[in-house]
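The numbering used here numbers the first residue of the sequence shown as 312 and each following residue consecutively. Cβ atoms here follow ideal geometry from the backbone N, Cα and C, with glycine treated the same way. See below for the structure under consideration.
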Amino acid sequence: MSCGNTPSTALVSINAATQLPLNLTGSSIYPSWRTMFSTLLYGYDLIGYVDGTYPCPPEMIKMGDTFTPNPEHKIWKRQDSLLLHAIRESVDSTIAPLVASTTFAQEAWARLHTTYASKSKTRILGLREMLSQLIKENKSVVEYMTVIKTMTDELAIVGSPLGEEEMVISVLKGLGSEFKN
Numbered sequence: 312m313s314c315g316n317t318p319s320t321a322l323v324s325i326n327a328a329t330q331l332p333l334n335l336t337g338s339s340i341y342p343s344w345r346t347m348f349s350t351l352l353y354g355y356d357l358i359g360y361v362d363g364t365y366p367c368p369p370e371m372i373k374m375g376d377t378f379t380p381n382p383e384h385k386i387w388k389r390q391d392s393l394l395l396h397a398i399r400e401s402v403d404s405t406i407a408p409l410v411a412s413t414t415f416a417q418e419a420w421a422r423l424h425t426t427y428a429s430k431s432k433t434r435i436l437g438l439r440e441m442l443s444q445l446i447k448e449n450k451s452v453v454e455y456m457t458v459i460k461t462m463t464d465e466l467a468i469v470g471s472p473l474g475e476e477e478m479v480i481s482v483l484k485g486l487g488s489e490f491k492n
């Protein structure tokens with residue numbers, strides 16, 4: 312896709328193995344996987360295929376009194392197939408059945424989002440509870456902060472982001488006595 316929502320004739324093939332070093336293996340990694348994949352799609356100007364802002368053009372267009380095949384439709388279908396393939400290639404074999412029956416990239420994207428970014432109150436409360444009980448213990452500061460970042464990213468994706476003050480409180484609360492002074 313290029314400026315003005317018109318597709319380019321050059322198709323973009325995403326190599327999941329080299330361009331997405333993180334395979335989707337479950338809900339704990341979903342926020343990071345989605346961010347990486349979205350960034351790649353934005354970079355190639357293809358995000359509209361998965362978020363619905365660039366829907367499939369009609370198969371036929373009217374030219375005078377007759378209908379003729381729409382070349383944009385064929386290009387869109389081909390690009391969407393390449394994106395669907397990239398999504399399927401970037402998920403773990405245990406998750407593959409979830410997107411195996413999807414026909415379009417947007418459908419696969421939505422199914423993964425629905426499955427792994429559950430907005431249920433129980434999921435939100437569970438994540439917030441785990442975050443409130445998180446203790447650094449023998450983890451390095453980097454490991455500790457990575458766990459916190461993963462949880463806060465997941466909370467943001469499910470529609471319950473932490474404010475900056477809440478984030479600071481969560482970080483400080485789990486630090487050991489060696490960080491008290």
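Asked, Found
"Residues sharing a beta bridge with Lys373, DSSP", "Phe378"
"Inter-residue Cα distance where the pair is Glu454 and Glu489", "17 Å"
"Reference Pro332; option with closest CA among Arg434, Trp420, Ala397", "Ala397"
"Assigned secondary structure, Val469 (DSSP; H/G/I helix, E/B strand, else coil)", "coil"
"Of the residues Arg389, Gly337, Ala328, Glu440, the one placed nearest Tyr427, counting alpha carbons only", "Gly337"
"CB contact flag (Gln444, Tyr360, <9 Å)", "no"
"Collapsed DSSP secondary structure at Leu335 in the structure displayed", "strand"
"Contact set for Glu448: own chain, Cβ-Cβ below 8 Å, skip 5 residues either direction", "Gly487"
"contact_flag[the stretch 462-480, the stretch 349-369] where n(CB pairs < 8 Å) is 3 or more", "no"
"Simplified DSSP assignment, three categories, for Val410", "helix"
"For Leu483 and Arg439, the rounded distance between their alpha carbons", "15 Å"
"Distance, Arg434 Cα to Thr463 Cα", "13 Å"
"Rounded Cβ spacing between Pro342 and Ile468 (contact assumed at less than 8 Å)", "5 Å"
"C-beta neighbour in chain C for Glu400, strict 9 Å", "No chain C is part of this structure, which consists of one protein chain only."
"According to DSSP, residues forming a beta bridge with Val402", "Leu335"
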